[in-house]
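Going down the list, the protein sequences come from chains A and B. Heads up: the first sequence begins at 11 in my numbering, then just goes up one per residue. Heads up: the second sequence begins at 101 in my numbering, then just goes up one per residue. Below is one structure, written out as structure tokens; comments come after it.
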Amino acid sequence: MPEMGLPHYAGTRERVTRFALIAGVTLVLAFLVAPLFIVVPLSFNNDPFFSFPIHTYSLRWFRDFFSNTRWIAALENSVVTAVFTTVIASTLGTMAALGLARPNFPCRRAVMALLISPMIVPIVIVAVGDYLLFGFFGLTNTRTGLVLAHTALAAPFVVITVSATLSTYDPVLTRAARSLGASPLAAFRRVTLPVILPGVVAGAVFAFATSFDEVVVALFMTSAEQRTLPVQMFSGIRDQINPTIMAAATLLLALSTALFVTVAWLSARARRVKT
Amino acid sequence: MSAVASASFRVRVGDADAIMDATSFVRFEGVRKSYDGKQFVVDDLNLAVRKGEFLTMLGPSGSGKTTSLMMLGGFEAPTFGHIFLDDEPVERLPPEKRNIGFVFQNYALFPHMTVAENVAFPLRYRGIKGRAAAGRIAKALAMVHLGHLGERKPSQLSGGQQQRVALARALVFDPTLVLMDEPLGALDKQLREHMQVEIKQLQRMLGITMVYVTHDQGEALTMSDRIAVFNDGRIQQLATPEVLYEQPANRFVAGFIGENNLIPAHVTRIENGTAVMALGDGTILRAPAATATRSSGASTLAIRPERFFVDTGDTPETNRLSGTVSELFYLGDHLRIAVDVGAEKPIVARIPALQRLPLACGDTIALRCHVHDCRLLEA
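Quick look at the structure:
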């Protein structure tokens, strides 16, 4: 790359600066993805230790993952918790965003800040708070409790993505639907919701990922019965070092990647619809 | 209304009076609207729209015309007063129960639906399905010359085509009343003029009652049976385009509809229905006296630029204003000149180019106009 995107009149100084910039960015990106280059190959390692170089590859740790009832139960717990969290957080988050988008909503900023606060408050604090509060209601060590706690963590993502989509939504569309005979609910279902759907789906994906990855609150809120995949991995590392964790990590990674590719695809499609 | 209007005019005015007796289809009664409880955006609106009429609410932005339309459409509630649709009060009726076709400023087409699905939307809520719906959709799209574009998405259409889809969607369910809020504002001049004619033809053909909001006076004059001129939340004048142009009720209407020279004048006496007044420099002018004209006092004289002519002879029954030409523009079919006379502002006159006057800036010129082309307004 001799030109490096520089204009033809660039001098030596500009060239050096540009080279430094590219080198710096490359290092940062490498640092971000480096853990993946450790975890993913190790999950295919035939040897039962975390060591490089890898001599032979195999799928034994994946086989081990899918034949171990503890891992399967954890996966099932994670999926069920994440699905319930996604449904509840998407519904509540979308409704909140719709309300906040109304021109006459009182104290909009304060309410928005309150709704977003779970993203800012340190997660350990949330976990301890939830633990004490839910203990009072008898919700600790229940799946309901975990779903509720995760919903509070996930809903802000939905509020943010749906609010962003709503800021480009023309409220006259709703008026048009009403003037043509649609009740408020019908206008929402047939016009507003389809138009803002990319935002809702993006929020839902974030909500799912939030719940699926979450370990701190889950550690506080679950007993062995509701143990989720991240919790199982955490205790797995503590108790017995076993490459099955690497297989689980690779599976988690694959799922997250699939989710975010979906979001990117949806938002690209939404942009095409609009123009 | 002035009794001195020309004969052809009196017939027109008479027509308008006759229609006024017919039963009204839409009626605003003492409607007032305030958002903050202090200032009224619409203040004491009383207006009756007749069945089959094309009525335009015309006015500058913030004059209350759009708010009035939104109240009729059901998107705003009057703070005081009542709105009747076919003699039924509708203030408590939500928009979807009013059966009114509404065309919005930026078309408001549903972006996720095809053109045909957009047009089908109102039919769904009226229980029209299957073949009956398909027939209606085809007919509505053919009516706006878009029969071949049913499968397109709105984003694939031009502005003019989107406007036509919005029109088809508002008409497909045979509403008896159609409201339009500056529907042509986003189109270029040529297309706008074309659509004005087309909308007017559709309205006449279908016999629908239309309430149309615009700030474009040319558009209002072209399309309307009657125009309600709004300013400061009140109707300044409600009349046919001809009456508005020829007999403006006040200074606002005289200045807003077309171009006008508004000359401050002082009425000195009234002779046989003709008011005699003097300008600052002593020039004597005459105008038909309105019934309300007092025999003395400050008033405003309104004279249209195109009513002036250049005449060296002493034509009877005319006013004469002389001065120097301060500005001159050649505009092909006419000359536009500004003449400094004894008044505060220069007088603007349009002189037909075919008179081929050898005029230049600085020339002294005598402008004349007929007494019946002058209109006396309150100061």
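Backbone N, C-alpha and C fix where the C-beta goes; we use that ideal spot for every residue, glycine too.
Cβ of residue 111(A) less than 8 Å from any chain B Cβ?
no
For residue 207(B), the three-state DSSP class (helix, strand or coil):
Here residue 207(B) sits in coil by DSSP.
Using a Cβ-Cβ cut-off of 7 Å (strictly less than) and excluding sequence neighbours within five positions of residue 255(B), which residues of its own chain qualify?
211
With 8 Å set as the bound, which would you pick, yes or no: does the beta-carbon of residue 275(A) sit closer than that to a beta-carbon of chain B?
Residue-level contact by beta carbon fails for residue 275(A) and chain B, as no gap is shorter than 8 Å.
Top-ranked residue by Cα proximity to residue 202(B), from 160(B), 330(B) and 173(B):
The closest CA to that of residue 202(B), considering only 160(B), 330(B) and 173(B), is found on 173(B).
Report the residue from 356(B), 266(B), 320(B) and 308(B) whose alpha carbon sits nearest the alpha carbon of residue 241(B).
266(B)
Which same chain residues end up closer than 7 Å to residue 286(B) when comparing Cβ atoms and leaving out the 5 residues on each side of it in sequence?
206 and 259
Return helix, strand or coil for residue 58(A), following the three-state DSSP convention.
coil
Closer than 8 Å to chain B by CB, residue 223(A):
no
Cα-Cα, which of 367(B), 424(B), 361(B) and 376(B) is closest to residue 406(B)?
The candidate whose alpha carbon is nearest that of residue 406(B) is 361(B).
Between residue 180(A) and chain B, is there a C-beta pair that is closer than 8 Å?
yes
Is the region 304-311 of chain B touching the region 263-279 of chain B, taking contact as three or more C-beta pairs under 8 Å?
yes
Residues in the region 195-216 of chain A with C-beta within 7 Å of chain B's C-beta atoms, listed in sequence order?
From the region 195-216 of chain A, only 201, 204 and 205 have a Cβ closer than 7 Å to chain B.
C-alpha distance - residue 428(B) paired with residue 371(B), whole-angstrom precision:
36 Å
Quick one: does residue 262(A) have its CB under 8 Å from some CB of chain B?
no
For residue 69(A), does the count of other Cβ atoms within 10 angstroms reach 16, so buried, or fall short, so exposed?
exposed
Can you list, in chain order, the residues of the region 213-244 of chain B whose Cβ is nearer than 7 Å to any Cβ on chain A?
221, 222, 225 and 226
Nearest by alpha-carbon distance to residue 335(B): which of 139(B), 144(B) and 343(B) is it?
144(B)
Against chain A: residues of the region 184-201 of chain B by CB proximity under 9 Å:
194, 195, 196, 197, 198, 199, 200 and 201
Return the bridge partner residues of residue 361(B) from the DSSP annotation.
403(B)
I want to see whether chain B comes within less than 8 Å of residue 285(A), judged by CB atoms only; does it?
Because the pLDDT of residue 285(A) is 46, which lies under 50, any placement of that residue in the model is unreliable, and the question is left without a value.
When you compare the region 442-462 of chain B with the region 379-392 of chain B, are there three or more beta-carbon pairs, one atom per stretch, that lie closer than 8 Å?
Verdict: yes, contact present.
Would you kindly report the start and end of the unbroken alpha helix (DSSP H) that includes residue 218(B)?
215-224
Can you tell me which of 225(B), 196(B) and 331(B) puts its alpha carbon nearest to the alpha carbon of residue 185(A)?
Comparing alpha carbon positions, the residue from 225(B), 196(B) and 331(B) closest to residue 185(A) is 196(B).
Residue 72(A) and residue 257(A) look like a contact to me (Cβ under 8 Å); what is the Cβ gap, rounded to whole Å?
Rounded, the Cβ-Cβ distance is 5 Å, consistent with contact.
Please identify the residue among 57(A), 75(A), 104(A) and 61(A) whose C-alpha is closest to the C-alpha of residue 171(A).
104(A)
Report the neighbours of residue 173(B) on chain A: residues whose CB is nearer than 7 Å to its CB, in chain order.
189
Contact the region 320-330 of chain B vs the region 146-157 of chain B: 3+ CB pairs below 8 Å
Segments in contact, yes.
Let me confirm a value: residue 386(B) is counted as buried when at least 16 other C-beta atoms fall within 10 Å, else exposed. Which label applies?
The residue is buried, with at least 16 neighbouring Cβ atoms inside 10 Å.
N- and C-terminal bounds of the beta strand (DSSP E) containing residue 426(B)
Residues 418-430.
Please confirm if residue 193(A) has its CB atom under 8 Å from at least one CB of chain B.
With respect to chain B, the C-beta atom of residue 193(A) has a partner C-beta closer than 8 Å.
I want to verify the contact list: residues of chain A whose CB lies under 9 Å from the CB of residue 292(B), in sequence order.
Correct list: empty, because the minimum Cβ distance to chain A is about 20 Å.
DSSP state of residue 44(B), grouped into three classes?
Examination of residue 44(B) is not possible in this model, given that chain B is present from 101 through 479 alone.
Cα-Cα separation between residue 216(B) and residue 249(B), rounded to whole angstroms:
Each residue's Cα considered, the two are about 8 Å apart.
Looking at the C-beta of residue 269(B), does it have a partner C-beta in chain A at a distance below 8 Å?
yes
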